[in-house]
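In my numbering, the protein residues as written are 45 to 199. See below for the structure under consideration.
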């Protein structure tokens, strides 16, 4: 992993960047507890299509959300290169299935651009903002919207 540091002014945030298909996304590193290799999940009946199921994480049941499917992206079956990012979201712990973690990025608030007005409401629901680093466009994900409270009850 490379670390990218910006010299801009403003409050600094460390983000962890990851890939889903050809797109890059990131979340606040303080929400990520650990990153682990893909483990086959046990499906849950009547769960939303983006919930892969649950795994046993050191004695705790951990719901696994296919983040690509949740964001409306085309996803295939997970392979050995996929990883699960274990995140804390709203007092809950969930696993997010992503293709690969790519970087730890140090950014400032003034680097983050608002989600464009041409984006649909679904995109705006999940993407808090965008920024460009080294010719790459990275979307900042709002984890609170990935698994809302009422859907968390089902998982």
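Beta carbons: idealized from backbone N, C-alpha and C, even for Gly.
Stretch pair the segment 122-132 + the segment 147-161: three plus CB contacts closer than 8 angstroms
No, the segment 122-132 does not touch the segment 147-161.
Can you give me the C-alpha to C-alpha distance between residue 145 and residue 132, rounded to a whole angstrom?
Going from the Cα of residue 145 to the Cα of residue 132 covers about 17 angstroms.
Environment of residue 190 [buried if 16+ CB atoms lie within 10 Å]:
Result: buried.
Assigned exposure category for residue 119 - 16 Cβ within 10 Å defines buried
Flag for residue 119 reads buried.
Taking the alpha carbon of residue 84 as the point to measure from, which residue in 74, 186, 107, 114 has its own alpha carbon closest?
When each option's Cα is compared against that of residue 84, the closest is 107.
Select from 62, 57, 58 the residue whose C-alpha is nearest the C-alpha of residue 180.
When C-alpha distances from residue 180 are compared across 62, 57, 58, the shortest belongs to 62.
DSSP three-state call for residue 154: helix, strand or coil?
The answer is helix: DSSP assigns residue 154 an H, G or I state.
May I have the straight-line CA-CA distance separating residue 187 from residue 71, to the nearest angstrom?
Taken atom to atom, the span from the alpha-carbon of residue 187 to that of residue 71 is near 7 angstroms.
Can you list, in chain order, the residues of its chain with a C-beta nearer than 7 angstroms to that of residue 87? Leave out the 5 residues immediately preceding and following it.
If the five residues before and after residue 87 are omitted, its C-beta is found closer than 7 angstroms to the C-beta atoms of 97, all from its own chain and listed in chain order.
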